[in-house]
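Novice:
In the numbering used here, the protein residues as written are 1341 to 1533.
1) Cα separation between residue 1405 and residue 1345?
2) In this structure, how does DSSP classify residue 1430 when only helix, strand and coil are distinguished?
3) Counting Cβ pairs closer than 8 Å, one from the stretch 1406-1415 and one from the stretch 1435-1447, do we hit at least three?
4) Using 10 angstroms around the beta-carbon of residue 1438, count the other beta-carbons present and answer buried if the total reaches 16, otherwise exposed.
5) Return the bridge partner residues of residue 1403 from the DSSP annotation.
6) Just the Cα atoms here: how many angstroms apart are residue 1356 and residue 1363?
7) Taking only the alpha-carbon atoms, compute the straight-line gap between residue 1463 and residue 1367 and give it to the nearest angstrom.
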């Protein structure tokens, strides 16, 4: 039987960085880890409408630096910075240390996997057709420069999402041979026991 591996753990250090960047002794580690989880939970709850992609927490000496990557930084900051000040006070209560909150704008939210997935989920909750939502997400990502669609033996894949079973390509010589063989034998049949 195959073993399940966390995909984030598999990519860490290669093409992805850690979401929490700090070092501590073994006495403080569990406390800081739980603080990080609480900070992320509170911020995600408060910033549902802000299209938050990632929250990075860094802890230089006795301080806490929280970087929020968002497609809508104006929603996070609020009028004249009022909302960000509330968030800073809330995080300060959780960590009991000096907190600095940075907001980073995501210029192309259509290319961020987390934001694309949340967008598709919201469309499905509004009863939009699944295929239409998927096609729209893939087309907008492709328009903004995402990687090309991959044609595999199992179907067509793009933007790390399974899309649909692809049709046989006309310019592929192997596909033409297969099409000719199917044409002579008629439709492929399944054996029924």
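Even for Gly, the Cβ is constructed at its ideal location relative to N, Cα and C.
On a predicted model such as this, the values are computed, not experimentally measured, just so you know.
Specialist: This is what the structure holds:
1) Numbered from 1 along the chain shown, position 65 holds the residue referred to as residue 1405. Numbered from 1 along the chain shown, position 5 holds the residue referred to as residue 1345. If I take the Cα positions, the gap works out to 30 Å.
2) Within the chain shown, the letter at position 90 stands for residue 1430. Collapsing the DSSP output to three states places residue 1430 in a helix.
3) Two segments are said to touch when three or more pairs of C-beta atoms, one from each, lie closer than 8 Å; by this definition the stretch 1406-1415 touches the stretch 1435-1447.
4) Taking the chain shown and counting its residues from 1, one reaches residue 1438 at position 98. Only exposed fits residue 1438, as fewer than 16 other CB atoms lie within 10 angstroms of its CB.
5) As a working note, residue 1403 is residue 63 in the chain shown. Looking at the DSSP output, residue 1403 shares a beta bridge with 1438.
6) The count along the chain shown starts at 1 and reaches residue 1356 at position 16. The count along the chain shown starts at 1 and reaches residue 1363 at position 23. Each residue's alpha carbon lies about 18 Å from the other.
7) Translated into the one-based positions of the chain shown, residue 1463 becomes position 123. Translated into the one-based positions of the chain shown, residue 1367 becomes position 27. The alpha-carbon separation between residue 1463 and residue 1367 amounts to approximately 45 Å.
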